[in-house]
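One structure below.
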Ligand code: 8YV
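In this note's numbering, the protein residues as written are 51 to 363.
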């Protein structure tokens, strides 16, 4: 008998296609009456597909008594209560690695865009201000600057490689010093913020990292420093960031993630010293296809009684 699967968040067509033959698929996110759907299919659902960054409601999981595994889309899993899953013996998988290059590309892209003011220069050119007002003005450069990476994991290491290609010095912050990593280590984020020109956040979300980039860190970064966030919006105190940017207590920020997505505060949107991106880190055709492929391969492996490819629990 085909296993019943419940999809909790919108998934791209490739995920649905890969599941069509082997599973009975239900989708909760677009159900007109979610409670009715849960009451109807909840008792038979054995697998779920979630987005690790979106909040997964425990009440929904409670309504799935036969749930064996959750295949999560994304490398971040701050939206999933892992302890709850462990307590219920629910297997959880996620999609690490396949997004490393896309994440690193957008990070360097944001940094160049910020330093060289590419979005601003683009607007200036489109508005024909070059002809009417004269040259755009001089901008900053990455070459020779120091970048401090907060969270030197798989993505952070790809960022580090690319930053070196841009002739930057790399240092990193993390709770523990990593063996065989050639970059200077900081166990104190504030100290690193003081010493670097670019502070790049790749930290995961969750209670342990909530608002860890606060007014003190921004002041340590200082008026010549730039903050880049490609991790999770909730790791930064957004109100404090807006204040620091407005008062030019930091030079600028390039952000792909926000506290309450898809909402981006007007306070950020109206500033000139920011570059904003709507959580596009992994959003390339190739990477999203690979993430979806890993989601479905993990699910199939589980229900074929084989080892899953990328377990989280
Ligand atoms: C995705 C992400 O943007 O992997 C993650 O943790 O945040 C991103 O890759 C997200 O899963 C899509 O909503």
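All C-beta atoms, glycine included, are put in the ideal place defined by N, C-alpha and C.
Going by Cα to Cα distance, which pick from the options is closest to residue i?
i, options, result
"residue 203", "312, 217, 195, 221", "221"
"residue 324", "110, 226, 301, 100", "301"
"residue 292", "282, 303, 167, 279", "303"
"residue 267", "248, 206, 164", "248"
"residue 306", "218, 213, 326, 319", "326"
"residue 188", "172, 195, 166, 182", "166"
"residue 225", "132, 168, 242", "242"
"residue 162", "123, 185, 213", "213"
"residue 145", "332, 255, 355", "332"
"residue 284", "172, 329, 260, 240", "260"
"residue 219", "208, 132, 197, 178", "197"
"residue 51", "58, 71, 62", "71"
"residue 53", "100, 67, 91, 320", "91"
When the Cα atoms are used, what is the spatial distance from residue i to residue j?
i, j, result
"residue 215", "residue 60", "37 Å"
"residue 116", "residue 94", "6 Å"
"residue 136", "residue 108", "13 Å"
"residue 111", "residue 322", "43 Å"
"residue 65", "residue 160", "29 Å"
"residue 232", "residue 69", "43 Å"
"residue 238", "residue 180", "44 Å"
"residue 286", "residue 279", "8 Å"
"residue 79", "residue 104", "12 Å"
"residue 295", "residue 156", "21 Å"
"residue 139", "residue 88", "21 Å"
"residue 210", "residue 199", "8 Å"
"residue 102", "residue 358", "17 Å"
"residue 257", "residue 281", "14 Å"
"residue 251", "residue 128", "16 Å"
"residue 317", "residue 245", "28 Å"
"residue 83", "residue 77", "11 Å"
"residue 86", "residue 314", "33 Å"
"residue 56", "residue 126", "20 Å"
"residue 299", "residue 269", "6 Å"
"residue 183", "residue 276", "28 Å"
"residue 355", "residue 311", "37 Å"
"residue 73", "residue 121", "14 Å"
"residue 330", "residue 168", "17 Å"
"residue 171", "residue 177", "10 Å"
"residue 336", "residue 361", "22 Å"
"residue 192", "residue 273", "16 Å"
Tell me whether residue i sits in a helix, a strand or coil according to DSSP, three-state version.
i, result
"residue 59", "coil"
"residue 361", "strand"
"residue 219", "strand"
"residue 145", "coil"
"residue 101", "strand"
"residue 329", "coil"
"residue 279", "strand"
"residue 175", "helix"
"residue 134", "helix"
"residue 230", "coil"
"residue 307", "coil"
"residue 150", "helix"
"residue 267", "helix"
"residue 126", "coil"
"residue 200", "strand"
"residue 318", "helix"
"residue 262", "coil"
"residue 244", "helix"
"residue 121", "strand"
"residue 190", "coil"
"residue 65", "helix"
"residue 289", "helix"
"residue 323", "coil"
"residue 162", "helix"
"residue 95", "strand"
"residue 114", "coil"
"residue 238", "coil"
- Query: Does the stretch 330-343 come close enough to the stretch 142-149 that 3 or more CB-CB pairs lie under 8 Å?
  - Reply: yes
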